[in-house]
Amino acid sequence: MQGRLSYSILRMPLIYPFETSFGRQTERVPIIFRLEKEGVTGYSECVTDVDPFYSYESNSTVMPVIKSYLGKMLLEAKGPDEFMQAAELIKGHNMAKGALEMLLWDHEARKEGKPLHKLLGESKGYADVGVSIGMESTEGLLAKVSNSVSMGYRRIKVKIKRGREVEILSAVRDAFPDIALTADANSDYSIKDMDTLKKIDRFNLEYIEQPFDHDDLIYHSRLAKEISTPICLDESITSPDRATKALEIGACSVINIKPGRVGGLGNSVSIVRIARDFGAHTWVGGMLETGIGRAYNVSLAASAFIDYPGDTSPNSRYFARDIVKNPFSMKEGRIVPSGEIGAGYIPDEGIMEKYTIEKGVVCEW
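Pasting the structure below:
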C-alpha cells in the first residue's frame with residue numbers, strides 16, 4: 613500500500629448547548645479524515661453536521677461524493693491546487709472538497725517541514741479572537757458576555773432572530789456600552805423586515821452578519837443602503853467569484869471566511885486578497901470544530917491580511933475533552949498558532965477512538 617484515505621465519524625457532547633435561529637445544538641458529530649501518503653500522516657475535519665440547516669451539505673452528503681468522486685481525485689492530485697482544479701467538475705459540495713483540500717495543504721506543509729500558517733503567506737504570528745454566544749435567557753446571556761469580556765475576547769458576537777433582536781441587543785449594549793459588539797442573524801430575516809433591521813443602528817454594532825437568505829446578494833445590497841450598520845456576509849460567500857460580486861454591488865463590507873464553506877484554504881486566501889483590494893474587512897469563522905479543524909482556522913486567521921477578530925475560541929470552550937493533545941489557549945485576546953509543522957495539531961488517537969461511532973477506508977492505492 614502506497615497510501616490510504618480513511619475516515620472516522622465522532623459524536624462529541626458540547627459543554628453547553630449552542631442555540632441559533634437554526635435550533636439548539638447539544639453535540640457535534642464531526643467527520644475526521646486521515647491521509648497516509650509518502651510516509652506522512654495528516655488529519656482534517658469536515659465542517660458539516662447531521663442536519664442540513666446551515667447549508668444543503670450534511671454528513672449524509674459528504675461520504676457519497678467523497679467515496680464516488682473526490683477521493684479518487686485526491687489520489688491523483690499532486691497538491692491542493694491540482695485537486696481543486698479537478699474537483700471543479702463536481703458542482704457544489706464545498707465542505708466535502710474543503711475537507712480534502714485542507715488535508716493536502718497539511719501534507720504539503722509537513723513535507724516542507726513548515727507550520728501551515730507560514731506556508732499560506734505572510735503571517736502576523738497570532739490570531740485575534742472573538743467569541744460567538746448563542747441565544748438564551750437575558751440573565752444567562754449577560755453572564756456569558758460578562759465572562760467573555762473578563763477573559764479578554766476582542767469582539768463579542770451574539771446570535772439574534774426575528775422578534776428577539778431588540779431585546780437581546782438592548783440588554784447587552786445597556787450592560788456593556790463600550791465593547792466591540794456584533795450580531796449574527798443566520799439568515800432569519802427577509803426584505804419585509806427592513807424596518808425592524810433599521811432599529812439595530814442604535815446599538816452601534818461593528819456589523820450585522822447574514823441577515824437575509826443564505827444565497828442572497830441583491831437584498832443585502834439594498835439593505836446596506838438603508839442602514840448605517842455594516843453588513844457581514846457568511847453563508848452567501850461560497851467562492852472567490854461570489855465575494856467579488858458581493859463587494860462589487862455593495863452587498864457587504866465585511867466577510868466571514870470559513871474555509872470549509874468556501875472549498876478550502878486556497879479559496880480562502882483568494883477571498884482575503886479580493887476583500888483587501890475592495891477595502892473590505894475579513895475574519896475567520898468557525899463551525900464548532902474540534903482541535904483538528906480549529907488548527908486550520910487559526911492558521912488562516914494568523915494571516916497578516918485578516919484584520920478582524922474571528923470565532924476562534926480556545927478548544928476548552930466547547931468540549932470537555934478534545935481530540936488533540938495540544939489544545940489552543942488564549943492570552944490577552946489572542947491565540948498563537950502551534951509551532952508544530954503542518955496545521956499544528958497533535959491528534960489524541962485514544963480520545964478519538966473513544967468518541968468514534970463509525971470508521972472506514974475511503975480508498976487506498
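Start counting at 1 in the sequence shown, then tack on 612, and there's your number in our numbering.
Ideal placement from N, C-alpha and C gives every residue a C-beta, glycine not left out.
Got a sec: does the ligand NAD put a non-hydrogen atom nearer than 7 Å to the Cβ of residue i?
| i | result |
| --- | --- |
| residue 724 | The ligand NAD is not part of the structure shown, which contains no ligands of any sort. |
Identify which residue in the options has its Cα closest to the Cα of residue i.
| i | options | result |
| --- | --- | --- |
| residue 660 | 899, 914, 745 and 869 | 899 |
| residue 807 | 645, 836 and 780 | 836 |
| residue 589 | 838, 928, 754 and 916 | The structure shown does not extend to residue 589, since the chain is modelled only from 613 through 977, so no value can be given for it. |
| residue 875 | 943, 707 and 667 | 707 |
| residue 901 | 658, 685 and 628 | 658 |
| residue 614 | 648, 625 and 636 | 648 |
| residue 721 | 952, 962, 694 and 934 | 952 |
| residue 741 | 853, 896 and 695 | 896 |
| residue 748 | 681, 904 and 628 | 628 |
| residue 960 | 939, 976, 972 and 813 | 939 |
| residue 968 | 640, 635, 630 and 632 | 640 |
| residue 829 | 775, 799 and 819 | 799 |
Can you give me the C-alpha to C-alpha distance between residue i and residue j, rounded to a whole angstrom?
| i | j | result |
| --- | --- | --- |
| residue 841 | residue 816 | 7 Å |
| residue 675 | residue 891 | 38 Å |
| residue 970 | residue 709 | 21 Å |
| residue 738 | residue 727 | 13 Å |
| residue 782 | residue 770 | 12 Å |
| residue 686 | residue 695 | 6 Å |
| residue 787 | residue 834 | 32 Å |
| residue 655 | residue 672 | 20 Å |
| residue 872 | residue 933 | 23 Å |
| residue 705 | residue 948 | 31 Å |
| residue 963 | residue 809 | 45 Å |
| residue 893 | residue 922 | 11 Å |
| residue 855 | residue 626 | 32 Å |
| residue 645 | residue 763 | 33 Å |
| residue 868 | residue 976 | 35 Å |
| residue 699 | residue 779 | 45 Å |
| residue 945 | residue 759 | 13 Å |
Looking at the unbroken alpha helix (DSSP H) that takes in residue i, where does it start and where does it end?
| i | result |
| --- | --- |
| residue 769 | Segment 768 to 771 is the beta strand (DSSP E) holding residue 769; no alpha helix (DSSP H) there. |
| residue 674 | 671 to 677 |
| residue 762 | 750 to 763 |
| residue 635 | Segment 635 to 640 is the beta strand (DSSP E) holding residue 635; no alpha helix (DSSP H) there. |
| residue 742 | Looking at the DSSP string, residue 742 is not in any alpha helix (DSSP H), and its letter there is neither H nor E. |
Starting from residue i and walking both ways along the beta strand (DSSP E), at which residues does that stretch end?
| i | result |
| --- | --- |
| residue 624 | 624 to 632 |
| residue 650 | Taken as a continuous stretch (DSSP letters only), residue 650 belongs to no beta strand (DSSP E), as it is neither H nor E. |
| residue 971 | 968 to 976 |
Contact defined as beta carbons within less than 8 Å: I believe residue i pairs with residue j. What is the distance between those atoms, to the nearest angstrom?
| i | j | result |
| --- | --- | --- |
| residue 907 | residue 880 | That belief does not hold up - the Cβ atoms of residue 907 and residue 880 are roughly 14 Å apart, past 8 Å. |
| residue 792 | residue 766 | 7 Å |
| field | Continuous alpha helix (DSSP H) assignments of at least 4 residues falling wholly in the stretch 841 to 891 | value | Counting whole runs of 4 or more residues, the stretch 841 to 891 contains the alpha helix (DSSP H) stretches 852 to 860, 871 to 874 and 877 to 890.
| Start-end ranges of the alpha helix (DSSP H) lying completely within the stretch 780 to 850, minimum 4 residues | Residue ranges of uninterrupted alpha helix (DSSP H) with 4 or more members, entirely inside the stretch 780 to 850 and ordered along the chain, are 806 to 810 and 830 to 838.
| request: May I have a chain-ordered list of the alpha helix (DSSP H) segments no shorter than 4 residues that lie completely inside the stretch 896 to 965? | output: Runs of the alpha helix (DSSP H) inside the stretch 896 to 965: 903 to 913.
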